[in-house]
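Here's the structure we're looking at; comments come further down.
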Amino acid sequence: MGAACAAGAAVAELDRGLSCQADDHTSVLQVMSKAAGAQGEPPAAEENASAHMPYLPADRGLEECPRPTGGTCLSGTCASSRGPVTCVAGQCVCKPGFCNRDGICRAQAASGRTRELRLNSCERRTGTMCPFSMCKSILGPTSCYMGECVCALGHCNVLGICRKAMGKFKAKVAPVTQSRPDFPG
């Protein structure tokens with residue numbers, strides 16, 4: 001159940017999982033969807049992926065890496081002193097891979113938990129920006145989240161394109177023995 005949000009509130013509401021509805025006068029505002037499920041999983045992607053902006057699950061490290069800097073960019077440009085930022089809905093937001101530390105975007109440190117999660121799950125961030133809530137169809141099934149295209153649930157970033165997640169699999173290899181000294185093939 002969305003409520004109209006001012007451009008300044010839209011980015012701040014993202015981290016709290018609240019939903020804002022863009023009105024006709026705020027074309028830059030992205031439409032967000034509410035948190036779904038106890039695990040904090042984003043809702044499934046819909047046909048019109050640009051109509052919703054799901055949040056990433058908490059286990060992706062975003063709760064430890066806030067991207068809104070608190071600065072505004074009503075002219076469309078953020079102060080260079082904020083570091084690598086992009087202007088989203090009138091707010092300066094750190095680019096992917098960077099976190100807000102005291103109003104300045106700094107490189108995200110890979111904590112042990114983040115590394116463990118990357119080993120046990122696929123990366124959904126594409127690294128492609130979507131400042132107007134639109135992701136290019138060439139990226140595959142995506143949604144726009146905080147100015148970045150993110151793969152839909154069940155899909156992973158493979159060389160910049162969202163592909164259906166394959167899950168884990170194990171290859172069986174015939175043993176090499178004295179009677180079979182060469183690898184089969």
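In terms of UniProt numbering, the numbers along the sequence shown are unbroken and rise by one, the last being 185. Think of the CB as a built atom: it goes at the ideal place given N, C-alpha and C, for glycine as much as any other residue. It should be emphasised that the depicted structure is a prediction, and the values quoted were computed from it without experimental measurement.
The Cβ neighbour count for Thr142, taken over all protein chains shown within 10 Å, is at least 16; the residue is labelled buried. Between the alpha carbons of Ile138 and Arg67 lies a gap of roughly 26 Å. With fewer than 16 other beta carbons inside 10 angstroms of its own, Val173 counts as exposed. A buried status is given to Phe98, since no fewer than 16 other beta-carbon atoms sit within 10 Å of its beta-carbon.
Look at Arg82 here: in three-state DSSP terms it is helix. Around the beta carbon of Arg124, a 10 Å sphere encloses 16 or more other beta carbons of the protein chains shown; the residue is thus reported as buried.
Collapsing the DSSP output to three states places Ser137 in a helix. In this structure, His155 lies near Cys162, with their beta-carbon atoms less than 8 Å apart.
Comparing alpha-carbon positions, the option among Ser81, Thr86, Gly160 and Ser179 lying closest to Gly103 turns out to be Ser81. According to the DSSP secondary-structure assignment, Lys172 is paired through a beta bridge with no residue. Counting the other Cβ atoms within 10 Å of the Cβ of Ala171 gives fewer than 16, which makes it exposed.
Looking at the DSSP output, Ala107 shares a beta bridge with Phe98. Separation of Arg180 and Val158 (C-alpha to C-alpha, rounded to the nearest whole angstrom) is 37 Å. Rounded to the nearest whole angstrom, the C-alpha separation of Ser133 and Val88 is 10 Å. DSSP, read as helix, strand or coil, puts Arg124 in coil. Beta-bridge annotation (DSSP): Arg67 is not paired with any residue. The shortest C-alpha to C-alpha distance from Gly76 to any of Val176, Asp182, Pro131 and Gly160 is the one to Pro131. By the neighbour-count definition (other C-beta atoms within 10 Å, threshold 16), Gln178 is an exposed residue.
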